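Residues in the sequence shown are numbered consecutively from -5, following the numbering used here. A virtual CB, placed ideally from N, CA and C, is assigned to each residue, including glycine. Quantities reported herein were computed from a predicted structural model and do not represent experimental measurements.
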Amino acid sequence: MTWDVALILGIDGLANGAVYLLAGLGLVLIFSVTRVVFVPFGDVAAFAALTLAAFETGRTPPTIGLVLTLALLATLTEVGSLVRRGEYARIPKAVLAWGLVPAVPCLLAWLAARAGMPAVLQIAASVLLVVPIAPLLARVVFQPIADASVLVLLIVSLALHFLLSGLGLLFFGPEGSRTQPLASGMLTLGDGFTVSGQVILMVTSALVLSGLFFLVFERTVAGKALRATAVNRVGARLVGIRPARTAMLAYGCASLLAGLIGILIAPVTTMYYDSGFIIGLKAFVAAIIGGLVSYPMTAVGALAVGLVESFASFWSGALKDVIVFSLLIPVLMLRSFLAAHVEEDEEELDQ
């Protein structure tokens, strides 16, 4: 391997790491607030990419039907819960929040497809269209079992991924799609080495969004509410913060990140209805490196995963995923070694 090849692989690794960084931040955000390992995160990103591809081909995005279906299920779930508790006065508000509000981006996307909007508006419509997906899924699936164990939530999340894959096949079909590049041109470095505008856009977007993520957490009331819920749910509830509401905010922010990820990767890889699983799984590796709690360590882990994947693809394209996922083994062993283990008393074991 020459230095030129290593530099090319390093740039590609940074681009991949930028995507995994954003995905890892979304996974850590949801887990820290709700204790849910949100496996379908990558599916939301894939749906955003397929939505933009549908716009570019002049078709009405099938995502509209998917979102409306989820909105109907969420509305029925919320209304049923209110009826069981006898809170009939809150039913109109529930229908508005879970039925009509998610329909607004669907209407905007339908109008954008009909009118042949510019590319910028198509991108905005694609992102907005997938933002309600995670909150709607959370209301239907996770909120009723919010107090379950982490293992149960993980199993349900994994089952939800397979359900979304089936819905993706139903709505989008088996064909793959790739969108037009978001940025053209090249940046020439020393000795004639060039970096594509798409790669620069991916890395820059990751840096900017990470910075905005930090500012939201540090400077806004909503960000502080998310941090408080992540640190201590009971304490947050005692000071007037509703964990259920912050959970929905976390799902919404993560869904927004997933939509942006889908837009960024759509021009560089062919996306299928089930392409999101591998993206989410590699982001999960990065999140595990960060312990599912540390955002800076998750960022470091994402860059490590991206670089390892890039160099592994050079050595063996067939084994690159195996090499990436093998990173989990030493990380888990190290965390197990460093973690404080509490021995139970013999009496407790007998009981």
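Cα-Cα, which of the options is closest to residue i?
i, options, result
"residue 161", "87, 120 and 57", "57"
"residue 72", "207, 180 and 87", "87"
"residue 269", "120, 6, 44 and 100", "44"
"residue 75", "52, 53, 159 and 133", "133"
"residue 164", "70, 7, 55 and 230", "55"
"residue 255", "103, 198 and 238", "198"
"residue 141", "114, 115, 238 and 64", "238"
"residue 53", "105, 3, 4 and 33", "105"
"residue 13", "116, 82, 326 and 193", "193"
Starting from residue i and walking both ways along the beta strand (DSSP E), at which residues does that stretch end?
i, result
"residue 181", "180 to 182"
"residue 189", "188 to 190"
Can residue i and residue j be called in contact, C-beta distance under 8 Å?
i, j, result
"residue 190", "residue 15", "no"
"residue 318", "residue 303", "yes"
"residue 107", "residue 49", "yes"
"residue 121", "residue 42", "yes"
"residue 99", "residue 123", "yes"
"residue 195", "residue 177", "yes"
"residue 77", "residue 241", "no"
"residue 91", "residue 130", "no"
"residue 173", "residue 260", "yes"
"residue 46", "residue 257", "yes"
"residue 222", "residue 35", "no"
"residue 355", "residue 126", "The question about residue 355 has no answer, for the chain in this structure spans -5 to 345."
By Cβ distance below 7 Å, which residues in the same chain neighbour residue i in space, the five residues on each side in sequence not counted?
i, result
"residue 307", "314"
"residue 291", "283, 284 and 285"
"residue 30", "24, 136, 147 and 151"
"residue 289", "19 and 22"
"residue 10", "300, 303 and 304"
Helix, strand or coil for residue i? Go by DSSP, reduced to three states.
i, result
"residue 265", "strand"
"residue 149", "helix"
"residue 330", "helix"
"residue 288", "coil"
"residue 310", "coil"
"residue 171", "strand"
"residue 72", "helix"
How is the alpha helix (DSSP H) around residue i delimited, first residue to last?
i, result
"residue 347", "This structure cannot speak to residue 347, because the chain is shown only from -5 to 345."
"residue 214", "First-last for residue 214: undefined, no H or E at that position."
"residue 253", "237 to 259"
Please go through the same chain and pick out, in chain order, the residues whose beta-carbon is closer than 8 Å to the beta-carbon of residue i, but skip the five residues on each side of it.
i, result
"residue 281", "18, 21, 22, 25, 292 and 295"
"residue 265", "40, 43, 44, 47, 170, 171, 172, 256 and 259"
"residue 118", "none"
If I measure Cβ to Cβ from residue i and keep anything under 6 Å in the same chain, skipping five residues before and after, which residues do I get?
i, result
"residue 224", "26 and 27"
Using a Cβ-Cβ distance cut-off of 8 Å, determine whether residue i contacts chain C.
i, result
"residue 10", "Structure shown: chain C not included; a single protein chain is present."
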